[in-house]
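**Student:**
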Amino acid sequence: MELIFATHNANKVKEIKSILPAQLQIISLSEANILEEIEEPFDTIEENSETKAKFIFSNYSKNCFSEDTGLIVPSLNGEPGVKSARYAGEDANAEKNIKKLLHNLKDSSNRDAYFKTVITLIIDGQQLQFIGICEGTIIDTTIGNEGFGYDPIFVPNGSTKTFAEMNLEEKNKFSHRKKAMAKLIDFLNTNS
Ligand code: IMP
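According to my numbering, the sequence shown is numbered sequentially starting from 168.
(1) Quick one: Cα of residue 295 to Cα of residue 212, how far?
(2) Which one of 240, 192, 353 has the shortest CA to CA distance from residue 276?
(3) Could you name the residues of the same chain whose beta carbon sits closer than 6 Å to that of residue 338, not counting the 5 residues immediately before and after it, in chain order?
(4) Helix, strand or coil for residue 208? Go by DSSP, reduced to three states.
(5) At 4 residues or longer, what runs of the alpha helix (DSSP H) sit wholly inside the segment 239 to 299?
(6) Would you list the residues whose beta-carbon is nearer than 5 Å to any heavy atom of the ligand IMP, in the order they occur in the chain?
(7) What's the call for residue 343, buried or exposed, on a 16-neighbour Cβ count within 10 Å?
(8) Rounded to whole angstroms, how far is the Cβ of residue 282 from the Cβ of residue 350, which I believe are closer than 8 Å?
(9) Let me know the secondary structure DSSP gives residue 216 once reduced to three states.
(10) Based on Cα-Cα distance, which residue from 271, 324, 208 lies nearest to residue 302?
(11) Going by the DSSP bridge assignment, what does residue 169 pair with across the sheet?
(12) Roughly how many angstroms lie between the CA atoms of residue 273 and residue 307, to the nearest whole one?
(13) Would you kindly work out how many angstroms separate the C-alpha atoms of residue 191 and residue 358, rounded to a whole number?
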């Protein structure tokens with residue numbers, strides 16, 4: 168089976184391709200030569216995830232899935248949350264986002280956080296969502312060079328390493344994206 172993965176994020180493509188069973192082929196937007204940017208205008212991770220899959224299905228009539236992820240810090244009222252990519256402003260990058268988050272957390276004794284991934288699958292017109300959550304802690308400095316985004320400051324529960332100190336196989340033992348993807352794969356296995 169072939170599914171278009173509605174993302175331009177090469178890191179996400181790499182992670183998702185590392186967990187696929189042989190019978191499922193993922194085609195990224197760049198591999199499908201779809202170069203348009205897809206807006207993420209909503210206030211929830213669920214809606215932003217949905218809009219990306221709907222864009223591909225309505226414009227290209229292809230079975231597809233999308234994912235949207237946020238880092239949620241309860242002691243900061245859920246920030247950066249749905250704004251995780253642009254936390255430090257429109258010209259944000261991972262370094263600026265991390266700097267802002269560490270600054271906002273500097274006086275906080277509660278550094279609990281979790282990643283939440285929402286995958287939207289549209290297959291033969293049927294739409295479903297799958298959620299994966301990874302709980303952990305935000306440390307007060309960056310450690311590690313692997314991964315992307317907030318990985319250098321996030322230590323998942325059950326580990327002493329940040330995601331940025333882990334290779335893909337290790338990150339997948341904990342990862343929000345892996346958990347959501349496992350539910351999607353389970354659905355396809357039982358329904359096709
Ligand atoms: P989006 O899902 O592309 O909107 O990403 C939201 C933000 O969260 C971006 O800044 C990503 O870099 C970050 N992000 C998404 N997934 C991960 C992850 O697995 N680890 C660290 N940061 C992530």
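Just so it is clear, CB atoms sit at the ideal spot from N, CA and C, and this is done for glycine as well.
Keep in mind it's a predicted model, so treat the numbers as computed, not measured.
**Tutor:** Answer, in terms of the structure:
(1) Position 128 of the sequence shown, counting from 1, holds the residue named residue 295. Position 45 of the sequence shown, counting from 1, holds the residue named residue 212. Between residue 295 and residue 212, the C-alpha separation is close to 14 Å.
(2) By 1-based counting over the sequence shown, the position of residue 276 is 109. Looking at the Cα atoms, 240 is the closest of the given residues.
(3) The residue labelled residue 338 in the question sits at position 171 within the sequence shown. For residue 338, where only same-chain residues beyond five positions count, the Cβ hits under 6 Å are 330.
(4) Residue mapping note: residue 208 aligns to position 41 of the sequence shown, counting from 1. Residue 208 falls in the coil class under three-state DSSP.
(5) 261 to 271
(6) 235, 236, 251, 252, 316, 317, 318
(7) For the purposes of this step, residue 343 is taken as residue 176 along the sequence shown, with counting starting at 1. By the 10 Å Cβ count, residue 343 comes out buried.
(8) In the sequence shown, the residue the question calls residue 282 occupies position 115. In the sequence shown, the residue the question calls residue 350 occupies position 183. Their Cβ separation, rounded to whole angstroms, is 15 Å, which puts residue 282 and residue 350 out of contact at 8 Å.
(9) Residue 216 sits at position 49 when you count from the first residue of the sequence shown. If DSSP states are grouped into helix, strand and coil, residue 216 belongs with the helices.
(10) As a first step, residue 302 must be located in the sequence shown, where it is residue number 135. The residue with the shortest Cα to Cα distance from residue 302 is 324.
(11) To locate residue 169, count along the sequence shown from 1; it is residue 2. In DSSP, residue 169 forms a bridge with 192.
(12) The residue labelled residue 273 in the question sits at position 106 within the sequence shown. The residue labelled residue 307 in the question sits at position 140 within the sequence shown. Approximately 8 Å, taken between the alpha carbons.
(13) As a position in the sequence shown, residue 191 is number 24, starting the count at 1. As a position in the sequence shown, residue 358 is number 191, starting the count at 1. The alpha-carbon atoms of residue 191 and residue 358 are separated by roughly 14 Å.
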